[in-house]
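Here the structure is laid out as structure tokens; the discussion comes afterwards.
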Amino acid sequence: MSEATSAQLSHGASSGESEVAAKAGISAQSRRHLQMRKEALREHPALRELAGTDRRTAMALPILLALHWGLAWAISDTNLLIVFLAAFIPGQIIIHAAGALVHETAHKLIFREPKAKLAFDLGLETILVSFGKQLTYQYEHISSHHPYIGDYERDYEHEDICAFKARTMLIDGKPRLARVMTIATLIVHLLPFGFIISDEIFPRLYQRVTGRVAKDRERHIPSTKAPVWQQRLFIAWSLSVNVILLVLFGFWGWLYHNWALSLFLGKFGITNLGQSLSEHAGNDNETPTRSTYGPINWILFNTGYHNEHHTFPNVAWTKLPALHDAAPEIFHSRAEKTYFGYWWDHVTGDFKTSRVNALQGIDQSRRCPEATRGRT
């Protein structure tokens with residue numbers, strides 16, 4: 127995909143650019159969003175005025191940092207149970223809010239100037255301590271997700287087809303064992319760094335009990351990457367923040383942060399996982415993206431306005447409600463459930479996916495062959 131087409135998708139396309147984008151090989155769902163944008167601008171030309179950055183968003187950074195480190199200080203002299211509760215409820219909500227700001231800065235909707243953006247991103251890293259993973263997200267989101275929504279081979283957000291197939295085989299053949307695996311996965315994900323431990327253990331277990339390879343080794347998502355110097359800077363920054371957390375708030379304060387981040391990224395990241403499951407229904411011809419409205423957007427920077435965002439990715443979060451209200455005939459695709467509802471269905475369904483249709487048409491027998499002894 128050309129840089130010009132990538133810019134159209136991540137910062138907005140003009141009314142005559144959808145045909146150009148189609149020739150560049152973007153996905154059907156991404157083309158549908160460009161078409162929706164064209165229709166909206168034809169009926170409501172004033173929508174163009176909503177585009178642009180909103181620097182006021184930067185004021186949220188010190189507030190989130192104060193809340194996060196304030197909690198770390200408040201629980202620094204307590205006990206393991208209090209640390210867990212603080213991480214599980216307010217902690218991961220703060221992490222999610224910071225993650226929503228990562229999404230904003232990925233689209234350069236807070237600062238466009240490189241130095242200002244870098245300073246803001248480092249501020250977010252002080253909250254997230256992601257060891258540069260927020261950079262990976264930013265680059266993948268712009269160059270992989272937006273232009274290729276719904277394309278298993280190119281959209282990084284789609285889960286591994288072999289992992290999906292292994293779970294499906296287990297559910298269909300040995301439903302009780304599938305439930306045991308689900309419960310065991312949830313227990314591990316409750317632990318600090320549980321999502322990392324889980325990624326090492328359960329693919330091997332699914333492979334052993336199904337006899338099929340549980341990871342698609344042929345899938346290599348193409349995306350742009352952050353400069354090496356930036357990656358090293360963010361890793362060093364995260365290491366420094368970890369040390370500062372230990373010095374200022376002791377072991378419990380340090381654990382609070384890492385536990386909150388771990389829960390957020392794992393199966394107990396209820397709002398994070400629920401949001402991901404709610405967003406893309408995978409419909410190429412109608413509306414490929416669903417939105418979630420309501421109070422959750424007050425603390426997550428309108429991240430629920432996802433249909434609006436994919437159609438107008440150059441509109442800052444502060445103006446997405448106005449965009450929705452100005453073109454209700456365009457933005458009518460609403461998620462059927464809350465984030466919790468989608469998360470609950472995912473867990474009780476033994477981690478069923480919401481994007482099965484995107485995995486159809488893939489040669490699963492070739493991509494996920496029978497496992498050979500000693501292969502992981």
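Numbers in the working numbering are just positions in the sequence shown, counted from 1, shifted up by 126.
Glycine residues also receive a C-beta, built at the ideal position from the N, C-alpha and C atoms.
So who's on the other strand from residue i, going by DSSP bridges?
{"i": "Ala177", "result": "Val441"}
{"i": "Arg338", "result": "Glu496"}
{"i": "Thr464", "result": "BP columns for Thr464 are empty, so no partner."}
{"i": "Ser417", "result": "Arg460"}
On a Cα-Cα basis, can you pick out the residue from the options that is closest to residue i?
{"i": "Glu412", "options": "Phe390, Thr437, Lys300", "result": "Thr437"}
{"i": "Leu365", "options": "Leu207, His267, Asn384", "result": "Asn384"}
{"i": "His458", "options": "Glu434, His472, Lys478", "result": "Glu434"}
{"i": "Ser402", "options": "Ile370, Thr479, Ile425", "result": "Thr479"}
{"i": "Gly337", "options": "Ala184, Leu250, Gly299, Phe257", "result": "Gly299"}
{"i": "Pro414", "options": "Ile323, Asp277, Asn428, Leu211", "result": "Asp277"}
{"i": "Gln260", "options": "Ala442, Arg358, Arg492, Leu372", "result": "Arg358"}
{"i": "Ile425", "options": "Thr397, Arg492, Ala407, Trp195", "result": "Thr397"}
Report yes if the C-beta distance between residue i and residue j is below 9 Å; otherwise report no.
{"i": "Ala186", "j": "Ala223", "result": "yes"}
{"i": "Ser388", "j": "Pro273", "result": "no"}
{"i": "Gly400", "j": "Tyr468", "result": "yes"}
{"i": "Gly225", "j": "Tyr382", "result": "no"}
{"i": "Ile275", "j": "Ser156", "result": "yes"}
{"i": "Met162", "j": "Ile422", "result": "no"}
{"i": "Gly510", "j": "Ile152", "result": "The requested residue 510 is not part of the displayed model; the chain covers only 127 to 502."}
{"i": "Phe563", "j": "Ser202", "result": "Because the chain here runs from 127 to 502, residue 563 falls outside it and cannot be looked at."}
{"i": "Lys341", "j": "Ala289", "result": "yes"}
{"i": "Ala453", "j": "Ala213", "result": "no"}
{"i": "Ile219", "j": "Ile253", "result": "no"}
Let me know the secondary structure DSSP gives residue i once reduced to three states.
{"i": "Thr350", "result": "coil"}
{"i": "His406", "result": "strand"}
{"i": "Ala453", "result": "coil"}
{"i": "Lys393", "result": "coil"}
{"i": "Gly258", "result": "coil"}
{"i": "Phe377", "result": "helix"}
{"i": "Ala148", "result": "Per-residue confidence for Ala148 stands at a pLDDT of 43, beneath the threshold of 50, marking its modelled position as unreliable; the derived number appears in the next sentence. Residue state, collapsed to three classes: helix."}
{"i": "Ile370", "result": "helix"}
{"i": "Ile201", "result": "coil"}
{"i": "Leu317", "result": "coil"}
Review point. Counting pairs of beta carbons, one from the stretch 287-297 and one from the stretch 347-362, are three or more of them closer than 8 Å?
Key: no
Review point. At a cut of 8 Å, does the stretch 231-240 reach the stretch 299-317 through at least three beta carbon pairs?
Key: no
Exercise for review: Say whether the stretch 417-435 touches the stretch 444-457, bearing in mind that this needs 3 or more beta-carbon pairs closer than 8 Å, one atom from each stretch.
Suggested key: yes
Check your understanding: Counting pairs of beta carbons, one from the stretch 324-340 and one from the stretch 298-312, are three or more of them closer than 8 Å?
Key -> yes
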